[in-house]
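*Asks:*
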Amino acid sequence: MTNKSGFFITFEGIEGCGKTTQLRLLKERLQSAGEEVVATREPGGCAIADKVRTILLDAENSAMTPCAELLLYAAARAQHVEEVITPALRRGGIVLCDRFTDATVAYQGHGRGLDLDLIERLNALATGGVAPHLTLLMDCPVEVGLSRARARIESSAGEREERFELESMRFHERVRSGYLSLAQRYPERFIVIDAGQGVAETAEAIALALSGRLPTRQAGADSPSS
Ligand code: TMP
353 MTNKSGFFIT FEGIEGCGKT TQLRLLKERL QSAGEEVVAT REPGGCAIAD
403 KVRTILLDAE NSAMTPCAEL LLYAAARAQH VEEVITPALR RGGIVLCDRF
453 TDATVAYQGH GRGLDLDLIE RLNALATGGV APHLTLLMDC PVEVGLSRAR
503 ARIESSAGER EERFELESMR FHERVRSGYL SLAQRYPERF IVIDAGQGVA
553 ETAEAIALAL SGRLPTRQAG ADSPSS
């Protein structure tokens with residue numbers, strides 16, 4: 353038996369909001385406090401979903417229809433939840449996921465204009481009801497995020513995952529306000545962080561916001577059960 357239970361935190365926000373860096377910093381902080389942490393991301397997080405990611409983010413796939421895009425995100429998520437997230441939560445770990453279901457609501461729903469009820473149903477199907485306990489929404493103005501994202505793409509030598517960075521400012525404004533309306537709708541789950549500040553200040557704001565909101569581990573807790 354284990355007396356630990358898993359805890360699921362997602363990071364969300366527009367392009368260039370800094371969530372990937374902050375996820376890494378939080379992972380390091382929790383690990384040094386002795387937690388089992390699984391850091392993962394969407395789309396992707398396991399071999400099959402990573403292949404779907406390559407298709408989704410390839411700038412050459414500009415002809416992809418919004419419906420095909422939505423279904424590919426759902427397919428990648430179904431695989432990722434079953435293969436990575438659910439087992440980690442069952443082991444009692446803390447799962448930190450870079451984007452999850454809210455990204456589909458914000459990007460495919462508010463950004464692309466697809467039906468929000470349909471997205472909710474598809475998210476429920478893909479996750480089997482697995483939902484984050486907390487969501488850190490890293491909020492910053494679109495101009496700030498996009499200029500950071502473009503600088504990162506220019507300086508990286510790998511695959512150019514820039515299909516979304518090439519969307520219009522108006523698209524990204526819709527995504528940002530979609531996220532902010534989700535935060536208003538689910539105030540008990542969302543924590544909105546000002547991500548327009550520097551890396552250290554943002555990390556500090558996250559640490560402060562999480563204090564008292566993570567499950568307390570009992571001293572001498574069992575190692576994860578099989
Ligand atoms: P990222 O590495 O910047 O998080 O890139 C993932 C991209 O995928 C980002 O542009 C947002 C997009 N996305 C969606 O449009 N819908 C989704 O459900 C997810 C998870 C990501």
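If you read the sequence shown in my numbering, its first letter stands for residue 353, the second for the next number, and so on. A virtual CB, placed ideally from N, CA and C, is assigned to each residue, including glycine.
Evaluate contact between the region 528-542 and the region 398-416, counting only Cβ atoms and requiring at least three cross-stretch pairs below 8 Å.
*Replies:* The region 528-542 vs the region 398-416: no contact.
*Asks:* Buried or exposed, going by whether 16 or more other CB atoms sit within 10 Å of the CB of Pro418?
*Replies:* Here residue 418 is taken as the residue at index 66 of the sequence shown, counted from 1. Answer is exposed; the Cβ neighbour count stays below 16.
*Asks:* In three-state DSSP terms, what is Pro576?
*Replies:* Counted from its first residue, the sequence shown places residue 576 at position 224. In this prediction, Pro576 scores a pLDDT of 38, lower than 50, which makes its location untrustworthy; the coordinate-derived value is nonetheless stated afterwards. Looking at Pro576 - three-state DSSP - the assignment turns out to be coil, as it is neither helix nor strand.
*Asks:* Tell me the start and end of each unbroken alpha helix (DSSP H) in the region 360-398 that is at least 4 residues and wholly inside, in chain order.
*Replies:* Complete alpha helix (DSSP H) runs here, min 4: 371-384.
*Asks:* For ligand 1, is there any heavy atom lying closer than 6 Å to the beta carbon of Thr456?
*Replies:* As a working mapping, residue 456 is identified with position 104 in the sequence shown. Yes, ligand 1 has a heavy atom inside 6 Å of this Cβ.
*Asks:* Quick one: Cα of Thr392 to Cα of Glu364, how far?
*Replies:* For the purposes of this step, residue 392 is taken as residue 40 along the sequence shown, with counting starting at 1. For the purposes of this step, residue 364 is taken as residue 12 along the sequence shown, with counting starting at 1. Roughly 13 Å between the two C-alpha positions.
*Asks:* Using three-state DSSP, classify Asp410 as helix, strand or coil.
*Replies:* The residue given as residue 410 occupies position 58 in the sequence shown. Coil at Asp410, not helix or strand.
*Asks:* Below 8 Å, how does it come out for the region 488-503 and the region 426-437: are there three or more Cβ pairs, yes or no?
*Replies:* Cβ pair count under 8 Å is below three, so no.
*Asks:* Please identify the residue among Gly481, Asp469, Arg500 whose C-alpha is closest to the C-alpha of Phe452.
*Replies:* In the sequence shown, counting from the first residue as 1, residue 452 sits at position 100. Of the listed residues, the one whose Cα sits closest to Phe452 is Gly481.
*Asks:* Just list the alpha helix (DSSP H) runs in the region 466-546, keeping only unbroken ones of 4 residues or longer that don't cross its boundaries, in chain order.
*Replies:* Whole alpha helix (DSSP H) segments, 4+ residues: 468-479, 494-507, 521-537.
*Asks:* Determine whether the beta carbon atoms of Ile366 and Leu486 lie at a separation below 7 Å.
*Replies:* Position 14 of the sequence shown holds residue 366. Position 134 of the sequence shown holds residue 486. No.
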